[in-house]
Ligand code: GLN
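Residue numbers (the working numbering): 1 to 480.
Below, the structure is given as structure tokens:
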């Protein structure tokens with residue numbers, strides 16, 4: 001069976017006429033249909049995708065394919081695609097259609113990619129397990145009783161189970177890297193400003209980033225280059241596109257900082273710990289520098305993250321008021337009730353919890369104790385991180401303390417759920433890129449990832465190093 005595993009392979013097959021784009025799309029549509037029980041997709045754009053396949057076939061016949069012609073990509077249900085529904089997996093936006101296309105999605109389309117559908121996620125991207133979706137949870141393809149990780153669970157499982165070549169997700173505190181680790185695929189969160197957020201439904205605007213799930217680093221590099229770069233609709237974007245990586249062989253010796261206090265965290269699974277230690281000692285033997293380093297404030301990261309993101313969310317989500325757009329309660333008898341009932345009925349429990357928390361930490365009398373303090377903590381983390389990157393090329397550590405947990409295990413304990421993000425929120429607090437690379441399977445049969453972080457705007461270097469690690473440690477990602 002041809003699994004259409006790598007973009008360059010698909011493009012070669014199309015060029016040489018070994019198969020056509022319609023067959024590629026049909027292959028994915030069949031998988032999506034067969035694996036519908038995983039609940040990864042909330043909508044499949046079948047007819048459109050088949051029509052677009054004809055255009056791609058014509059491009060190949062005429063000898064003018066584009067850089068992503070041949071790529072079939074799914075998008076998380078928080079990304080706008082004009083005239084298509086976008087719901088953030090919330091009842092609040094169940095019937096809402098996008099009136100414009102997100103810049104990142106537009107870049108993909110302009111480069112020849114086919115968008116195959118909308119992918120399930122936690123409501124408004126709030127969650128770590130994809131159990132907070134109005135469409136129900138996403139199942140891990142390796143063990144359907146276990147979670148996919150969140151919030152971009154659908155995006156991770158779609159790639160894990162070969163339902164598309166790659167997918168876009170969003171990462172505010174780990175929502176790409178965590179599900180990538182739980183599902184055994186590559187998950188890249190670019191640094192803040194590298195990819196336009198225009199057309200991404202906002203959760204916490206100073207943290208949110210659009211990123212990529214895929215099985216091959218070269219696919220990741222191509223897609224990132226296409227979606228990155230300046231955008232006049234997002235003033236936080238930087239001026240340059242991510243550089244092309246023509247050759248993935250590592251010619252340099254790198255300096256790695258292994259985050260000691262993450263490695264010694266009491267909840268870190270011993271198998272994950274020893275696998276990462278093994279990677280580090282092998283890297284040392286092959287001439288790289290690997291030092292144990294201490295990243296202060298680790299224990300303050302999750303609290304600071306949840307104070308700041310809930311504060312931003314409480315403001316961002318104020319627009320869903322039953323008036324401007326989205327769900328409106330039909331029980332309301334006056335204006336006040338329109339707001340109250342629409343929001344009470346339209347939002348799920350976790351979203352409501354965060355709006356209340358965020359409103360609380362911003363309220364007079366508590367602002368200084370919580371919000372302001374958390375901003376100060378964020379600055380300290382940022383400064384320390386910057387200082388570390390003057391000594392090291394990469395920071396290295398685990399993505400999560402364990403493998404995918406079972407469904408329901410943490411749903412009644414929000415603090416335990418929030419602590420799942422302990423190693424991932426750092427990159428978002430500091431605005432730097434981070435990638436989750438699969439390290440194979442645990443003896444419990446589930447995959448887990450290694451996290452590599454670089455200084456801001458060094459995604460090209462990060463991907464080059466990731467490619468080197470995958471080669472050296474023979475990391476192969478199979479379709480589950
Ligand atoms: N689990 C984190 C949260 O719920 C991260 C979510 C995300 O990155 N979108 O906030």
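Backbone N, C-alpha and C fix where the C-beta goes; we use that ideal spot for every residue, glycine too.
- [ ] Given a cut-off of 8 angstroms, decide if residue 156 and residue 207 are closer than it, judged by their beta-carbon atoms.
- [x] no
Task: Check: residue 150 C-beta below 7 angstroms from any heavy atom of ligand 1 - done: yes
Open item on the list: I need the straight-line Cα distance from residue 189 to residue 83, nearest angstrom please.
Closed with: Here the alpha carbon of residue 189 sits roughly 27 angstroms from the alpha carbon of residue 83.
Task: Inter-residue Cα distance where the pair is residue 414 and residue 146 - done: 18 angstroms
Open item on the list: Which residues does DSSP list as the beta-bridge partners of residue 447?
Closed with: Its beta-bridge partners are 441.
Open item on the list: I need the straight-line Cα distance from residue 461 to residue 290, nearest angstrom please.
Closed with: 17 angstroms
- [ ] With DSSP as the reference, please indicate the residues paired to residue 226 in a beta bridge.
- [x] Residue 226 has no beta-bridge partner at all, per DSSP.
Task: Own chain partners of residue 483 with C-beta closer than 7 angstroms, once the 5 adjacent residues on each side are dropped - done: Only positions 1 to 480 of the chain appear in this structure, which leaves residue 483 out of reach.
Open item on the list: Within 8 angstroms, do at least three Cβ pairs link the segment 449–460 to the segment 191–205?
Closed with: The segment 449–460 and the segment 191–205 touch, with three or more beta-carbon pairs separated by less than 8 angstroms.
TODO: Just confirm the distance between the C-beta atoms of residue 409 and residue 126, as a whole number of angstroms; I'd bet it's less than 8 angstroms.
DONE: Not a contact, Cβ separation roughly 18 angstroms.
Task: Environment of residue 323 [buried if 16+ CB atoms lie within 10 Å] - done: exposed
Task: Cβ separation of residue 96 and residue 394, assumed to be a contact under 8 angstroms, to the nearest whole Å - done: Wrong, their Cβ atoms sit about 40 angstroms apart, outside the cutoff.
Open item on the list: Tell me whether residue 366, by its Cβ, gets closer than 7 angstroms to a heavy atom of ligand 1.
Closed with: no
Task: Start-to-end residues for the alpha helix (DSSP H) that takes in residue 316 - done: Segment 298–316, the alpha helix (DSSP H) holding residue 316.
Open item on the list: Tell me the rounded alpha-carbon separation between residue 372 and residue 258.
Closed with: 30 angstroms
Open item on the list: Let me see if you follow: with CB-CB separation under 8 angstroms, is residue 333 close to chain D or not?
Closed with: Here chain D cannot be found, since the structure has a single protein chain.
Open item on the list: Shorter than 7 angstroms, the distance from the beta carbon of residue 359 to the closest heavy atom of ligand 1, or not?
Closed with: no
- [ ] Return yes when at least one heavy atom of ligand 1 lies under 7 angstroms from the C-beta of residue 390, else no.
- [x] Residue 390 Cβ: outside cutoff for every heavy atom of ligand 1.
Task: Residues bridged to residue 220 (per DSSP) - done: Its beta-bridge partners do not exist; DSSP assigns none.
Task: Reduced DSSP secondary structure (H/G/I, E/B, other) of residue 162 - done: coil
Open item on the list: Residues in the same chain with beta-carbon distance under 6 angstroms from residue 65, minus the five sequence neighbours each way, listed in chain order, please.
Closed with: Cβ within range, chain order: 59.
Task: CB-CB length for residue 217 against residue 248, believed under 8 angstroms - done: 7 angstroms
Open item on the list: Tell me whether residue 203, by its Cβ, gets closer than 7 angstroms to a heavy atom of ligand 1.
Closed with: yes
TODO: Would you tell me roughly how many angstroms separate the C-alpha atoms of residue 317 and residue 355, rounded to the nearest one?
DONE: Per the coordinates, the alpha-carbon of residue 317 lies some 8 angstroms from the alpha-carbon of residue 355.
Task: CB of residue 305 within 8 angstroms of CB of residue 421, strictly - done: Yes, these two residues count as a Cβ contact at 8 angstroms.
Open item on the list: Tell me the DSSP secondary structure of residue 334 in three-state form.
Closed with: coil
TODO: Determine the contact status of residue 311 and residue 380, defining contact as a CB-CB distance below 8 angstroms.
DONE: no
TODO: Put residue 182 into one of helix, strand or coil per three-state DSSP.
DONE: helix
TODO: Return the residue from the list 37, 103 and 369 that minimises the CA-CA distance to residue 231.
DONE: 103
Task: Straight-line Cα distance separating residue 229 from residue 267 - done: 39 angstroms
- [ ] Could you tell me whether any non-hydrogen atom of ligand 1 is closer than 7 angstroms to the CB of residue 102?
- [x] no
Open item on the list: residue 346 and residue 313 - do their beta-carbons sit closer together than 8 angstroms?
Closed with: no
- [ ] For residue 278, name the three-state secondary structure that DSSP assigns.
- [x] helix
TODO: Check whether the Cβ atoms of residue 382 and residue 430 sit closer than 8 angstroms, and answer yes or no.
DONE: Yes, Cβ-Cβ distance for residue 382 and residue 430 is below 8 angstroms.
- [ ] In the DSSP assignment, find the beta strand (DSSP E) that holds residue 145 and state where it starts and stops.
- [x] 143–147
Open item on the list: For the structure I just gave you, are there three or more beta carbon pairs, one from the segment 18–38 and one from the segment 46–60, closer than 8 angstroms?
Closed with: As far as the Cβ criterion goes, the segment 18–38 touches the segment 46–60, which means the pair count is three or higher.
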